[in-house]
Amino acid sequence: MKIAYVSNALIPSRSANSIHVMKMCQALAEEGHEVRLLAPAYPAKHYDLSVNDLFEYYHVAEIFQLVKLPAPYSSRFLTYLIATYIYSAKIKSFLCSFQPDLVYGRYLPGCSIAARQGFKTVYEAHGLVWNSTLEGFLFKKIVKNHNYLKTVVISDALKKLYLDNTTLTHSQITIAHDGSDLLDIDQKTSPWPGRKAKLQVGYFGSLYSGRGVELILEVASLLPDIDFHIVGGSTTDIDRLRQSYAKDNVFFHGYIAPGNVHTYRNCCDILLAPYGNKVAVFGGVGDTSSFMSPLKIFEYMATQKAIVASDLPVLREILNEANSILVPADSVQHWQEAIELLAANPKIREELSKQAFNEFKQKYTWRKRAAHVIEDLGI
Numbered sequence: 026m027k028i029a030y031v032s033n034a035l036i037p038s039r040s041a042n043s044i045h046v047m048k049m050c051q052a053l054a055e056e057g058h059e060v061r062l063l064a065p066a067y068p069a070k071h072y073d074l075s076v077n078d079l080f081e082y083y084h085v086a087e088i089f090q091l092v093k094l095p096a097p098y099s100s101r102f103l104t105y106l107i108a109t110y111i112y113s114a115k116i117k118s119f120l121c122s123f124q125p126d127l128v129y130g131r132y133l134p135g136c137s138i139a140a141r142q143g144f145k146t147v148y149e150a151h152g153l154v155w156n157s158t159l160e161g162f163l164f165k166k167i168v169k170n171h172n173y174l175k176t177v178v179i180s181d182a183l184k185k186l187y188l189d190n191t192t193l194t195h196s197q198i199t200i201a202h203d204g205s206d207l208l209d210i211d212q213k214t215s216p217w218p219g220r221k222a223k224l225q226v227g228y229f230g231s232l233y234s235g236r237g238v239e240l241i242l243e244v245a246s247l248l249p250d251i252d253f254h255i256v257g258g259s260t261t262d263i264d265r266l267r268q269s270y271a272k273d274n275v276f277f278h279g280y281i282a283p284g285n286v287h288t289y290r291n292c293c294d295i296l297l298a299p300y301g302n303k304v305a306v307f308g309g310v311g312d313t314s315s316f317m318s319p320l321k322i323f324e325y326m327a328t329q330k331a332i333v334a335s336d337l338p339v340l341r342e343i344l345n346e347a348n349s350i351l352v353p354a355d356s357v358q359h360w361q362e363a364i365e366l367l368a369a370n371p372k373i374r375e376e377l378s379k380q381a382f383n384e385f386k387q388k389y390t391w392r393k394r395a396a397h398v399i400e401d402l403g404i
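Sequential numbering from 26 applies to the sequence shown in this note's numbering.
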């Protein structure tokens, strides 16, 4: 099947959005489909010009084609509308030339154009379209189009929100939690600054609001015989945290390219996901805590390390007492006790990591996700 994946992802960038669309296109291509990923070609100043090979950067195989279409960039509302119109017009032109069997994507204006042009279309929602005037309007229109097949959502909680706030029915929504690749767990970065014979605990991700990094650093101050590694974040965020939490057992690694970050996870014994009760997205805005499906969780499961995570309802769609330790999001004491328990019991670490990995292999690889989404369309 010929599939056009429409996105507004900045590629390359540090956003989870860009990782997601690249991984999904790889997975769809691995399933035997001919895939074109459409992304905006913003002015050069918006990109990391040090990235020479996009596919290597994201650690994906070059088995699909990335097509960048001209698009101006602006955060101002009026010029944003103009930019949206121009980029959508370019998408329309490409689709008419490519003639895909299916248009799939996370960019609602592009999906709307595709359905209106007569192409079978699927929109994948990672947020609440009714919070945006433009997207809310487009979504009401697209769901009435006979070419519109499905809405894909990333969690059971998000499906419930769409059932409660839109005209969609159960059969019109597919739940597809996020995923990860199967990676080489023996490949480790070197040199590694952690102390030999000490337990290595890692956090991977952004450092803005709701990610729980401050909590980790408080726990680290109470456990001086354990090394804590913070991988991710901007230089500004790291400098701020270093000033407040300067400890000999805390190591800041900064941002690591998606294609290399697994070699850092592999050096850890325990992986932490201390999401707060309010979780911002890329750029430090919004709140996705009630419906998110964090890439981090699936990457942790794939790494075969023990996981300690916040006990949030949406995370319990994936995690449970058999594959992780779940603790109150804001309790330093409970996080300390969980890490101490795992530090003292290697067998528990092994049991949790094996269970998490087995569940990951069965349900949460990118390829299984892609196959599930296509199969549920019934085409």
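C-beta atoms are modelled at their ideal positions from N, C-alpha and C, and glycine is treated no differently. Bear in mind that the values here come from a model prediction, so they are computed numbers and not experimental data.
Cys-50 counts as buried, since at least 16 other C-beta atoms from the protein chains shown sit within 10 angstroms of its C-beta. A contact is defined here as three or more CB-CB pairs under 8 Å, and the region 271 to 290 meets this definition with respect to the region 212 to 220.
Remark: three or more beta-carbon pairs, one from each stretch, lie closer than 8 Å, so the region 316 to 324 and the region 180 to 190 are flagged as touching.
The three-state reading of DSSP puts Val-352 in strand, counting E and B together. Tyr-173 sits in a strand when the DSSP states are folded into three classes. Separation of the CB atoms of Asp-206 and Thr-390 is rounded to 7 Å, and the pair is thereby assigned contact status at 8 Å. Leaving aside the five residues that flank Ile-373 on each side, the residues in its chain whose CB is nearer than 8 Å to its CB run, in chain order, Ala-331, Leu-366, Leu-367. Burial check for Ser-157: the Cβ neighbour count within 10 Å stays below 16, so the residue is exposed. When the five nearest sequence neighbours on each side are left out, the beta carbons in the same chain lying within less than 7 Å of the beta carbon of Tyr-132 are those of Val-31, Ser-32, Asn-33, in order along the chain.
Residue burial annotation: Ser-122 is exposed, with fewer than 16 other C-beta atoms found within 10 angstroms of its C-beta. In this structure, Pro-125 and Ile-28 form a Cβ contact; the two beta carbons are roughly 6 Å apart against a cut-off of 8 Å.
Per DSSP, Thr-288 is one residue of the alpha helix (DSSP H) stretching across 286 to 290.
A residue is called buried once 16 or more other Cβ atoms fall within 10 Å of its Cβ, and Thr-260, having fewer, is exposed.
Here Val-92 has Arg-61, Leu-62, Leu-63, Ala-64, Phe-119 as same chain residues with Cβ atoms under 8 Å from its own Cβ, once five neighbours each way along the sequence are excluded. Per the coordinates, the alpha-carbon of Ala-334 lies some 22 Å from the alpha-carbon of Ile-263. Put simply, the region 266 to 285 does not touch the region 378 to 397. Fewer than three CB pairs are less than 8 Å apart. For Arg-61, the enclosing beta strand (DSSP E) starts and ends at 59 to 66. The Cβ atoms of Leu-240 and Trp-360 lie closer than 8 Å to each other. Between the alpha carbons of Gln-90 and Lys-175 lies a gap of roughly 24 Å. Short of 6 Å from the beta carbon of Tyr-228, and not among the five residues preceding or following it, lie these beta carbons of its own chain, in chain order: Ile-241, Ile-255, Leu-297.
Distance between Pro-68 and Leu-247, taken at the CA atoms: about 47 Å. Taking C-beta atoms as the reference points, Cys-292 and Val-226 fail to come closer than 8 Å. For Ile-343, the closest of Lys-388, Glu-375, Asp-355 by C-alpha to C-alpha distance is Lys-388. As DSSP reads the structure, Glu-384 sits in no beta bridge. Contact between Ile-295 and Ile-364 holds, with the beta-carbon distance rounding to 6 Å and staying under 8 Å. Tyr-233 has no beta-bridge partner at all, per DSSP. Under DSSP, Glu-149 forms a beta bridge with Val-177.
With fewer than 16 other Cβ atoms from the protein chains shown falling within 10 Å of its own Cβ, Ser-75 counts as exposed.
Annotation: Asp-252 is outside any alpha helix (DSSP H); the continuous beta strand (DSSP E) that includes it extends over 252 to 256. Annotation: His-202 is outside any alpha helix (DSSP H) and is labelled neither H nor E by DSSP. In the structure shown, Lys-27 falls within a strand segment according to DSSP collapsed to helix, strand and coil.
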